[in-house]
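K.L.:
Questions regarding the structure given below will be posed in turn.
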Amino acid sequence: MVLMVGPRRLGKTTLVRKMGTSNRTYITLDDQTVLATAKSDPAGFIRGLDKALIDEVQRAPDLLLAIKKTVD
Numbered sequence: 001m002v003l004m005v006g007p008r009r010l011g012k013t014t015l016v017r018k019m020g021t022s023n024r025t026y027i028t029l030d031d032q033t034v035l036a037t038a039k040s041d042p043a044g045f046i047r048g049l050d051k052a053l054i055d056e057v058q059r060a061p062d063l064l065l066a067i068k069k070t071v072d
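Going by UniProt numbering, the final residue of the sequence shown carries number 72, and the count climbs one at a time with no gaps.
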């Protein structure tokens, strides 16, 4: 797991997109439906994800703990 942090408008999303999504699922929590799902069931949200790029993860703080538990 890699967490990319930095100030707003630095280019984090652009960098992630340039990393390529051909073998990764790109998910943005800017989408309200996706965000609601991530917040309501964080463990279920990440279950089944192999390689994923999750943008705006700070919008669902409990998602980070669910990811940590999965990785550990």
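By construction, the Cβ of each residue, glycine as well, lies at the ideal position given by its N, Cα and C atoms.
#1: Count Cβ pairs between the region 46-60 and the region 14-27 that sit closer than 8 Å; are there 3 or more?
#2: Would you list, in sequence order, the uninterrupted alpha helix (DSSP H) runs of no fewer than 4 residues that lie entirely inside the UniProt domain "AAA" (2-72)?
#3: Would you say residue 39 and residue 60 are within 7 Å of each other, going by their C-beta atoms?
#4: Which same chain residues end up closer than 6 Å to residue 41 when comparing Cβ atoms and leaving out the 5 residues on each side of it in sequence?
P.N.:
In short:
#1: yes
#2: Listed in chain order, they are 12-18, 32-40, 42-46 and 61-71.
#3: yes
#4: none
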